[in-house]
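Each protein sequence line maps, in turn, to chains C and F.
Per the working numbering, residue 3 is the first one in the first sequence, and the count goes up by one each step.
Per the working numbering, residue -1 is the first one in the second sequence, and the count goes up by one each step.
Backbone N, C-alpha and C define an ideal beta-carbon position, used for all residues, glycine too.
This one's a predicted model, so the numbers in the text were calculated from it and none came from an experiment.
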Amino acid sequence: MKLKPSFIVFAALLVALMASAADKIVVTGVTDGLSEPPVPVSISGFSGEADEVIRFDLTVQGFTNVPPDAAQYLLSGSANGNLTGRAQDKFNKSSLVNKSYTGASLRRQAHAFVDDFLAAIGRKGIGGTKIAFKKDNGQTGEIYISDFDGGGAQAITTDNAIVAAPEWVPHKLALFYTSYKRGNPDIYLHDLSTGERKAVAPYPGSNMSPAPSPDGRKVAMILSKSGSVDLYVADADGSDLKRLTTSKDDESSPCWSPDGKWICFAGKVSERRSLCKVSASGGAIQRISTSGISNPSEPDWSPDRKWIVFTSQMGGFDICVVPAAGGTATVLVSGEDPSWGPNSRTVVYARRSQNGRRVLSLLDVPTKQTKDISRISGSNSQPSWAK
Amino acid sequence: MNASKLTYLMAIAVALTFVAGGCKKKPVGVTNLPGYANKNVPDPNAAENSGRLKPVEDPNASPIDRPLNPDFGGNLEEKFNLDRATLQADTVHFDYDSVAIRGNEKPHVEAVASYMKSAPANVAVLVEGHCDERGTEEYNRALGERRALAIREALIASGVDSQKIATRSYGKDRKLDLGPSEAAHARNRRGEFVVLTPK
Chain C
3 MKLKPSFIVF
13 AALLVALMAS
23 AADKIVVTGV
33 TDGLSEPPVP
43 VSISGFSGEA
53 DEVIRFDLTV
63 QGFTNVPPDA
73 AQYLLSGSAN
83 GNLTGRAQDK
93 FNKSSLVNKS
103 YTGASLRRQA
113 HAFVDDFLAA
123 IGRKGIGGTK
133 IAFKKDNGQT
143 GEIYISDFDG
153 GGAQAITTDN
163 AIVAAPEWVP
173 HKLALFYTSY
183 KRGNPDIYLH
193 DLSTGERKAV
203 APYPGSNMSP
213 APSPDGRKVA
223 MILSKSGSVD
233 LYVADADGSD
243 LKRLTTSKDD
253 ESSPCWSPDG
263 KWICFAGKVS
273 ERRSLCKVSA
283 SGGAIQRIST
293 SGISNPSEPD
303 WSPDRKWIVF
313 TSQMGGFDIC
323 VVPAAGGTAT
333 VLVSGEDPSW
343 GPNSRTVVYA
353 RRSQNGRRVL
363 SLLDVPTKQT
373 KDISRISGSN
383 SQPSWAK
Chain F
-1 MNASKLTYLM
9 AIAVALTFVA
19 GGCKKKPVGV
29 TNLPGYANKN
39 VPDPNAAENS
49 GRLKPVEDPN
59 ASPIDRPLNP
69 DFGGNLEEKF
79 NLDRATLQAD
89 TVHFDYDSVA
99 IRGNEKPHVE
109 AVASYMKSAP
119 ANVAVLVEGH
129 CDERGTEEYN
139 RALGERRALA
149 IREALIASGV
159 DSQKIATRSY
169 GKDRKLDLGP
179 SEAAHARNRR
189 GEFVVLTPK
């Protein structure tokens, strides 16, 4: 039988369609809607610490320093004693910032200048924000807080015990964390303004991974008091405890959606480690797909609700990001334990250095630019960014 | 009815019994952890299920809860003397990312169960769960606790009172071997037993 040409064309198209459907793995390389080129700025006239801080702040918020003719914005000024700073839009020549700073330290003035520049172009700066983290002292550790760039680091515990997983209470000077001070891992709520802390989960077994809700009124936790490791939620003082999961499978590292309705955690679905979510008032567990990436853990949900950043373990540890509803996940950088900044673009995380020490680092997710927080010495991990 | 018809009906009844019995097979690919019911209907006659009572007051309890003794909260070290030496040789080791008690580890569990069953009534045991380096900190903290709980379930299945077994996870914070080899990792994936006697 002689085949008609139109039939051959039709058959070829059908085969091509089936072939493309069969390999429908979209490799984007960059995360759709999240990837941006860095904004070019020219920085001149500053010196010493002020210059360092300005460059640091701009890098971790998605800017890159270029010669003036390639820049979109011109930042200049001086730092003799106090900082004076000017920022100008190079194209329309408008003056965005023109200010003399006084008070506090030169470092803080430099942070304020960059924040003022960002505000002038409609963005939210992170210059005044804080982080908490765990400092490793060998067999024991302590919980520390500092400015987001590592300045002013101070210990808030003197437990001389294993400590873990600090998390800021949103909009409050208070932290949840785990400490083995009394022998067992207990979860504490520590009010930094009074220096007082209370064990809000002192149950038998292991009390782990506290995560306060966005309004600060509740805390999600992983407890084992029932004889299996499960997700619980309680009021921030530990009362009104409710159990949200009952399976023997592992749940770990809960975090909340910014609207307070969902608790996302690392769990297991059909024998496969997955990100999951459950309604904060209880219900069925749903899977959040992270296509292309396996063994997700330690999720954190961005304040603008759009993204979940997490650690994946495929050989080493990698920081990855996925749309909050699930979908294709993207590897960003080698590291673990990410925590979003309040600007929903910069993430603080821990990376391993050559000698095995862990270093806190900042990543601007849209541009993938990174900077180590080198002001903090020693080995540090599990950072939490106050939001 | 006549004998051959009765025989015939009995044969069908027997066949049906076999078929019905076959439907209770474990689903393929599900690892049955000792003392845990499989994911379908728990067999009420299985040894590990006996003595398990659902606390009526707790609406959140699953049918297979065996809660930890509340006395084991907080400061164990204040309430009990801790003896690490007596059961040190019975440390149980685990496969990577697993809480299953391997066949070759069961004698250790049996040895600890025997010890507990012949110990004075006020003696308890703390099971400490540990992990190797290759997991994130909080994942490993949960995994270590699941290992301790899996050992606890095995001890209960061997007749130890559930209220005499405490658990604690050290995640990857107390590794025995800091080396990078597979042998080092294997040494770290363990459950250790600490005898508790009241002070």
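For C:I224, the chain F residues whose Cβ falls inside 9 angstroms of its Cβ are E136, R139, A140 and E143, in order along the chain. Among the residues of chain F, those whose CB is under 9 angstroms from the CB of C:D188 are G71 and G72, following chain order.
Of C:D251, C:I123 and C:A157, the smallest CA-CA separation from C:K136 is found for C:A157.
Within the region 188 to 222 of chain C, the residues whose Cβ lies closer than 8 angstroms to some Cβ of chain F are D188, A201, P204, Y205, P206, G207, S208, M210 and S211, listed in chain order. For F:R166, the number of other beta carbons within 10 angstroms of its own is at least 16, and it is reported as buried. Taken in chain order, the region 271 to 319 of chain C contains no complete alpha helix (DSSP H) segment of 4 residues or longer.
Rounded to the nearest whole angstrom, the C-alpha separation of C:D306 and C:V349 is 13 angstroms. In the three-state reduction of the DSSP assignment, F:Y113 falls in the helix class, which pools H, G and I.
Beyond the five residues adjoining it in sequence on each side, F:N138 comes within less than 6 angstroms, by CB distance, of C129, G169 and K170 in the same chain, given in chain order. Within chain C, the C-beta atoms nearer than 8 angstroms to that of F:L66 come from Y205, P206, G207, S226, K227, S228 and G229, in chain order. By the beta-carbon neighbour count (other beta carbons within 10 angstroms, threshold 16), C:Y179 is buried.
For C:A352 against C:W170, the beta-carbon gap comes to about 17 angstroms, at or over 8 angstroms, which does not count as contact.
Excluding sequence positions up to five before and after C:Y205, its CB lies within less than 7 angstroms of the CB of L225 and K227, all in the same chain and listed in chain order. Excluding sequence positions up to five before and after C:T247, its CB lies within less than 6 angstroms of the CB of D232, L233 and E253, all in the same chain and listed in chain order. Taking a beta-carbon distance threshold of 8 angstroms, F:L147 counts as an interface residue toward chain C. About 5 angstroms separates the beta carbons of C:G262 and C:S215, which is inside the 8 angstroms limit, making them a contact pair. Within a 10 Å sphere around the beta-carbon of F:T195 sit fewer than 16 other beta-carbons, which makes this residue exposed. Between C:F119 and C:L85, the C-beta gap is not smaller than 8 angstroms, which leaves the two residues out of contact. Taking 8 angstroms as the threshold, the shortest C-beta distance from C:A121 to chain F does not fall below it. Contact of C:R184 with chain F is assigned, a C-beta pair being separated by under 8 angstroms.
Nearest to C:Q371 by C-alpha distance, out of C:T196, C:L194 and C:S363, is C:S363.
Taking the Cα of F:I149 as reference, the smallest distance to any Cα among F:N186, F:H91, F:F70 and F:E135 is reached at F:H91.
As a beta-bridge residue in DSSP terms, C:K101 pairs with C:G87. Fully contained in the region 189 to 249 of chain C are the following beta strand (DSSP E) runs of length 3 or more, in chain order: 198 to 203, 210 to 214, 220 to 225 and 232 to 237.
Interface annotation, F:S167: in contact with chain C, CB-CB separation under 8 angstroms. Contact check for F:E135 against C:A166 passes: the beta carbons are separated by less than 8 angstroms. With the criterion set as a beta carbon lying under 7 angstroms from some beta carbon of chain F, the members of the region 310 to 323 of chain C are T313, Q315 and F319, in sequence order. For C:K373, the enclosing beta strand (DSSP E) stretches over residues Q371 to D374. Under the 8 angstroms criterion on CB atoms, C:E300 is classed as interfacial with respect to chain F. The Cβ atoms of C:K174 and C:F150 lie no closer than 8 angstroms to each other. Cβ neighbours of C:T160 within its own chain (closer than 8 angstroms, five residues either side excluded): E144.
Within the region 334 to 350 of chain C, contact with chain F at the beta-carbon level (separation under 8 angstroms) is assigned to E338 and D339. Inclusion of C:C266 and C:P212 in the CB contact set at 8 angstroms is not warranted, their separation being larger than that value.
For F:E126, the CB contacts under 7 angstroms within the same chain, skipping 5 residues up- and downstream, are A146, R166, Y168, G189, E190 and V192 in chain order. Rounded to whole angstroms, F:G142 and C:A52 show a C-alpha spacing of 46 angstroms. Shown here, C:K95 sits in coil according to DSSP, grouped into three states, outside any helix or strand.
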